[in-house]
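Undergrad: Have a look at this one before I ask anything.
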Amino acid sequence: MAGISSNNKAVVLVGAVVILVVCMEVMVMPAESAGVSCGTVTSDLAQCVGYLTSGKGKPTPGCCGGVKKLAGLANTTPARRAVCSCLKRAYSQFPNVKSAAVSGLPGSCGVNLRFKISLQTNCNTIS
533 MAGISSNNKA
543 VVLVGAVVIL
553 VVCMEVMVMP
563 AESAGVSCGT
573 VTSDLAQCVG
583 YLTSGKGKPT
593 PGCCGGVKKL
603 AGLANTTPAR
613 RAVCSCLKRA
623 YSQFPNVKSA
633 AVSGLPGSCG
643 VNLRFKISLQ
653 TNCNTIS
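Numbering of the sequence shown is given in my numbering, commencing with residue 533 and proceeding in unit increments.
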């Protein structure tokens with residue numbers, strides 16, 4: 533930003549921050565409008581990370597409690613799509629996640645989700 537005064541630099545920086553915040557809000561809105569927040573999805577499944585990265589043993593009762601809670605939240609098509617999108621976003625942040633553990637998680641917890649949990653799932657096709 534050579535040749536730009538410090539006041540103008542501040543205006544440019546504030547503008548960039550505002551644009552970033554607006555973009556983040558737009559990305560979150562589909563999940564929020566379905567009544568499901570990605571924060572809720574992430575916190576509900578926080579206790580599953582160990583199981584999903586090791587792929588061994590059984591999920592903890594706390595993990596399964598979170599899966600059951602999410603199944604209850606995913607009671608409409610928009611909510612299922614929102615949960616799916618949040619799950620994909622959350623799991624993509626953990627490179628060591630075992631895909632078989634992810635897809636088998638609901639069954640391991642005795643929960644029937646109406647969609648497959650997978651990084652390859654197209655959330656927009658879930659009904």
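A virtual CB, placed ideally from N, CA and C, is assigned to each residue, including glycine.
Please work out which residues of its chain come closer than 7 Å, Cβ to Cβ, to C616, disregarding the five sequence neighbours upstream and downstream, and give them in chain order.
TA: Counting from one through the sequence shown, the residue named residue 616 turns up at place 84. Excluding positions up to five away in sequence, the list reads F647, T653, C655, I658.
Undergrad: Select from N628, A606, R613 the residue whose C-alpha is nearest the C-alpha of V581.
TA: In the sequence shown, counting from the first residue as 1, residue 581 sits at position 49. The shortest Cα separation from V581 among N628, A606, R613 belongs to N628.
Undergrad: Looking at C-alpha atoms only, which residue of T592, K620, C618 is the closest neighbour of G642?
TA: The residue labelled residue 642 in the question sits at position 110 within the sequence shown. The shortest Cα separation from G642 among T592, K620, C618 belongs to T592.
Undergrad: Within a Cβ cutoff of 6 Å, which residues of the same chain sit near A606, ignoring the five residues on either side of it in sequence?
TA: For the purposes of this step, residue 606 is identified with residue 74 of the sequence shown, where counting begins at 1. Cβ neighbours of A606 beyond the five flanking positions: R612, V615.
Undergrad: Between Y623 and the rest of its own chain, which residues show a CB-CB distance below 7 Å, the 5 nearest in sequence each way excluded?
TA: Translated into the one-based positions of the sequence shown, residue 623 becomes position 91. Only V629, V634, L651 meet the Cβ criterion.
Undergrad: Going by alpha carbons, who is nearest to D660 out of L637, K600, S586?
TA: Coverage of the chain is limited to positions 533 through 659, which leaves residue 660 absent and any answer about it impossible.
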